[in-house]
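*Asks:* Protein chains in written order, with my numbering: chain P, 1 to 874; chain B, 1001 to 1228.
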């Protein structure tokens, strides 16, 4: 069973020769005692090691020890287990300083220990230096994990001071960043140190350990994972890799974050992170860190018997390409090692590749086996110390292998067919003879092979094929797909498949230009970029004219697609119909209304909407009007808040100065009056950047509006003059509006009123408005109304809502105006029978949703359609 | 193939809604379109109205368009001069493109029946390049064959095509792409790529699932504002 000495040749790990062999002292628990269901891993599974360590500079593969001894630093716990280089056992030559420490939770019945207490005698730095003596303590991963759960605070403090991180959790390997669905792919989230873990595994929290490093302390322990010692090579193995591999280790600055919030409606896919203790042949031992497999049983008899293990999760096809590497720790005498994939229902008594739905590459003869006993010569044999990479490309459902960083065969050479088509596949390993051992790298460490480059090139190849698709306007019209040809082209063909036949010569395909321009034009109109709309139309028509004049251009006449869909757009050549005139006016008015909201002039927005788009306020029982009124209230509160600020400022100044300031503030009041002159407004109005919060740009515009209204506190008496809550809302609006238009005349009077009176009146005015608002809507039981009303009134509680931060500022700030303006814009568009989103935006959203759905349906090429990289970056 | 997945409308709409996309993103896409397609004044207006910086000097759009137009009407000499005005490195570093322009010039001589000039130009300018590169030589031979087949209906298509508008377009397109590349711009508007992807994605998904289609085109005429 023990193959230690042999293994150490390939895994230079210092060890302490005086340590008795674990097998001799351990009581082995029933290996499969855990769970009847091998796939039912839960968060509480004890081998999910903690990874709240901020760094991986000094990786360790063993579970963190929490000793319950008198105070010791965690570095002290290293000393429990740190091994000294021993003659005869190679050490890590390249980095002697980074001597691995094997950390063991050490059950020692004789001593109680306290994980929260570590001696301060050793610093984190010291923990990295060689220890004069080392003791290997055996303990279960369970204990360590559970103990961590018990005392999270103690641990986290220690971890940050430079303790070696747990090896188990690692971020998503960098090559998977190439997948368009990368955000759905997660490695196991770090096990947070939580109480539930404790309660889940109460029987395993029996940690005791000697208070001091003691060379001979050994304890028996009762866990189902007694193979601690196999984790020791990993430490050195890792640091060794850091020297020899070219790509830098993936950054582990932070534990992997599970983007749960972004994908509440979408599943996330777990990536394989270790061998599944529950899904293996009994003869295989899995190391505590889950990476090593060692054949420990009696050699398999006959030709057919073997011992296989699968990883803890299947490979998500939306990876696009998945890849892992295996280091042959010990080839054994015969080297009957198979590396590959297998479906979850393939027996673990066969080598991967022998059974249907499994694929394997065998060490002894270098043959590949595609799911039956008849293999084919494929690659070289492999031996102890070799690193074999094993990838699957879901865009082709084929596999590829690497050896010691080299692709086997030409870069496009793939092996097997239909890998993982129609069922989930797991990374799988098969061994047959005693002492055979491997160590897997699912992304725990940098890969030998430059997998990122390979993925990038495959990705570009698939993307090129996708982009060879012709734009299918029929399909986009909602018609049926003519996709079969496309499927052939982009689906399962190899990287070198010709695409010339469908490559679209964009320059000669004039037909496609017209709808494209319509898309752009409708987008510009949707957002009210009036001047751009005009310029764009003029340019398009100019080009069309040039074509009619016989010039050789690539221009189709603008909006002259054969489709009748564009009929409405064409009449413009001769003259503009009544319908179009109205559309123009609609656009202009819409822009004005939306701009009024973004500037805080709610009265204008309400009045204009009422006049020109009355249907908007009928929709959804006037929800939009309600929100506008709430905003009006917030604006009043903001005015009051501004006025109050001025009071405070003016207290420091003399009265004369204050009055002159007020006089100046009153300018700019007329800005919202002339809103019904479409011709002028067309030239003067800017676009409505409604959902583009750029406070820098907007604030200078909006602030004066607020100020001017604030000083026009003479509106207050008029509003309160008719505070009858039963009057229809329209009356409220009109009253307010009338008063604001009269404010320019009355402002000269208010200039003489003291600032504090203004502030008082502003507040009174706001509160009165609020009372009416409350009365108007108190009978509205819609939850949305209720909560919005509540949040609106929450603003009152703050003297300066904009500075309050959090939800209050969110309700009050410029972004809230933007949101409201967007909502109003969409409501107006809907009332005109137009879609809420511009077609262009729908195109993007639809494409993105298609890609995600294709990924969820395990369609590999979707992983290489990375929209944000292709369309949004740069 | 397994039975198609059924995707509910509300589920799909939630997906659509959840797509991470800002108006700023879309504005950039539109700007990219205006620049690449050469709508200079539109790009200028859009830059102001949307508060975006154009990704390139907008003047370069104009000269790019001028060059394209020159090639489309057959004025190769003008095009070459302007390309060199814009950036001399474009032709210096791209010998194939330079040859293509010279070939186009030869074609234009032949088209206009200026046979003596065509011969002289071919011998002085093109033949030496043909010696450098067999590909160029083949193209040169093909072009010279135009003289032999002049006004003959039996001429092979591969040869008469050289006189077609498509040949001018091809050259103009190649020059356009080279200029865009020199400005670090894609040669095709991203919006075009987006619609290609949408076409691909919808057709692929259509084989695997029932889902709400976008009916993109039907959204458009409603928006066909004509603003003067």
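Note that the Cβ used here is the ideal one computed from N, Cα and C, for glycine as well.
Return the chain-ordered ranges of every beta strand (DSSP E) run that is complete within the region 1072-1127 of chain B and spans a minimum of 3 residues.
*Replies:* DSSP runs (the beta strand (DSSP E)) wholly in the region 1072-1127 of chain B: none.
*Asks:* Can you name the start and end residues of the beta strand (DSSP E) that residue 325 of chain P belongs to?
*Replies:* Note, residue 325 of chain P: beta strand (DSSP E), 321-330.
*Asks:* Determine, using beta carbons only, whether residue 1214 of chain B comes closer than 9 Å to chain P.
*Replies:* For residue 1214 of chain B, the answer is yes, since a Cβ of chain P falls inside 9 Å of its Cβ.
*Asks:* Short check: CB of residue 1015 of chain B to CB of residue 852 of chain P, under 9 Å?
*Replies:* Yes.
*Asks:* Mind listing the chain P neighbours of residue 1041 of chain B? Cutoff is C-beta to C-beta under 7 Å, in chain order.
*Replies:* Correct list: 535 and 539.
*Asks:* Quick one: what does DSSP say residue 828 of chain P is sitting in, helix, strand or coil?
*Replies:* In this structure, residue 828 of chain P counts as helix in the three-state DSSP scheme.
*Asks:* Check whether the region 441-449 of chain P touches the region 368-382 of chain P, counting contact only when three or more Cβ pairs, one atom from each stretch, lie closer than 8 Å.
*Replies:* No contact exists between the region 441-449 of chain P and the region 368-382 of chain P.
*Asks:* Determine, using beta carbons only, whether residue 1196 of chain B and residue 470 of chain P come nearer to each other than 9 Å.
*Replies:* A contact, by the Cβ cut-off of 9 Å.
*Asks:* Of all the alpha helix (DSSP H) runs that stay within the bounds of the region 1162-1217 of chain B, which reach a length of 4 or more residues?
*Replies:* Runs found: 1165-1182 and 1190-1206.
*Asks:* Who are the near neighbours of residue 386 of chain P in its chain, counting only those whose CB is closer than 7 Å to its CB and skipping five residues on each side?
*Replies:* Closer than 7 Å at Cβ, skipping near neighbours: 328, 403 and 404.
*Asks:* With a CB to CB cut of under 7 Å and the five nearest residues on each side skipped, what residues in its chain are close to residue 1095 of chain B?
*Replies:* No residues qualify anywhere along the chain.
*Asks:* Taking CB distances under 9 Å as the criterion, tell me whether residue 461 of chain P reaches chain B.
*Replies:* No, residue 461 of chain P lies away from the interface with chain B (no Cβ there is under 9 Å from its Cβ).
*Asks:* Which runs of the beta strand (DSSP E) fall wholly inside the region 350-431 of chain P and span at least 3 residues, in chain order?
*Replies:* DSSP runs (the beta strand (DSSP E)) wholly in the region 350-431 of chain P: 358-362, 367-369, 387-393, 398-403 and 425-431.
*Asks:* Under a Cβ-count criterion, where at least 16 other Cβ atoms within 10 Å of its own Cβ denotes burial, should residue 122 of chain P be classed as buried or exposed?
*Replies:* Annotation note: pLDDT 37 at residue 122 of chain P (below 50); position unreliable, no value reported.
*Asks:* Quick check: residue 1162 of chain B and residue 1143 of chain B, are their CB atoms within less than 9 Å of each other?
*Replies:* Contact flag set, yes.
*Asks:* Would you give the residue range spanned by the alpha helix (DSSP H) that residue 807 of chain P belongs to?
*Replies:* 806-812 is the extent of the alpha helix (DSSP H) around residue 807 of chain P.
*Asks:* Would you kindly work out how many angstroms separate the C-alpha atoms of residue 1032 of chain B and residue 1189 of chain B, rounded to a whole number?
*Replies:* Rounded to whole angstroms, residue 1032 of chain B to residue 1189 of chain B spans 6 Å at the Cα level.
*Asks:* Could you run through the region 624-652 of chain P and flag, in chain order, every residue whose CB is less than 8 Å away from some CB of chain B?
*Replies:* Answer set for the region 624-652 of chain P: empty.
*Asks:* Taking 9 Å as the CB-CB limit, is residue 1144 of chain B close to chain P?
*Replies:* Cβ-Cβ to chain P under 9 Å: no for residue 1144 of chain B.
*Asks:* Answer yes or no: do residue 840 of chain P and residue 529 of chain P have a C-beta to C-beta separation smaller than 9 Å?
*Replies:* In this structure, residue 529 of chain P does not lie closer than 9 Å to residue 840 of chain P by Cβ.
*Asks:* Taking DSSP's pairing of strands, which residues face residue 340 of chain P in a bridge?
*Replies:* Note: residue 340 of chain P sits in a beta bridge opposite P:360 and P:428.
*Asks:* Determine the contact status of residue 315 of chain P and residue 427 of chain P, defining contact as a CB-CB distance below 9 Å.
*Replies:* Yes, the Cβ-Cβ distance between residue 315 of chain P and residue 427 of chain P is below 9 Å.
*Asks:* Could you check whether the Cβ of residue 1108 of chain B sits closer than 9 Å to any Cβ belonging to chain P?
*Replies:* It does not; no Cβ of chain P falls within 9 Å.
*Asks:* Measure how close the beta-carbons of residue 309 of chain P and residue 280 of chain P come, nearest whole angstrom, since I'm counting them as under 8 Å.
*Replies:* 4 Å between Cβ atoms; contact.
*Asks:* So, residue 286 of chain P versus residue 438 of chain P, is the Cβ gap smaller than 9 Å?
*Replies:* In this structure, residue 438 of chain P does not lie closer than 9 Å to residue 286 of chain P by Cβ.
*Asks:* How big is the Cα-Cα spacing for residue 277 of chain P and residue 393 of chain P?
*Replies:* About 27 Å.
*Asks:* For a cutoff of 9 Å on Cβ pairs, would you count residue 1045 of chain B as touching chain P?
*Replies:* Residue 1045 of chain B counts as touching chain P.
*Asks:* Which residues of chain P have a Cβ atom closer than 9 Å to the Cβ of residue 1005 of chain B, listed in chain order?
*Replies:* Correct list: 853, 856 and 857.
*Asks:* Under 7 Å, CB to CB, which of the residues in the region 1173-1197 of chain B have a partner in chain P?
*Replies:* Residues 1173, 1188, 1190, 1191, 1192, 1193, 1194, 1195, 1196 and 1197.
*Asks:* Thinking residue 391 of chain P and residue 321 of chain P are a contact (beta carbons under 8 Å), I'd like their distance in whole angstroms, please.
*Replies:* Confirmed, about 6 Å.
*Asks:* Starting from the beta carbon of residue 1113 of chain B, find every residue of chain P whose beta carbon is closer than 8 Å, and list them in chain order.
*Replies:* What residue 1113 of chain B touches in chain P: nothing, since even the nearest Cβ is about 18 Å away.
*Asks:* If we ignore side chains and look at the alpha-carbon of each, how far apart do residue 342 of chain P and residue 783 of chain P end up?
*Replies:* Going from the Cα of residue 342 of chain P to the Cα of residue 783 of chain P covers about 51 Å.
*Asks:* Would you call the region 1176-1192 of chain B and the region 1059-1073 of chain B in contact, with 3 or more CB pairs under 8 Å?
*Replies:* Cβ pair count under 8 Å is three or more, so yes.
*Asks:* Go ahead and pull the three-state DSSP assignment for residue 345 of chain P.
*Replies:* Looking at residue 345 of chain P - three-state DSSP - the assignment turns out to be coil, as it is neither helix nor strand.
*Asks:* Using a threshold of 9 Å, state whether the C-beta atoms of residue 416 of chain P and residue 432 of chain P are closer than that.
*Replies:* Not closer than 9 Å, so no.
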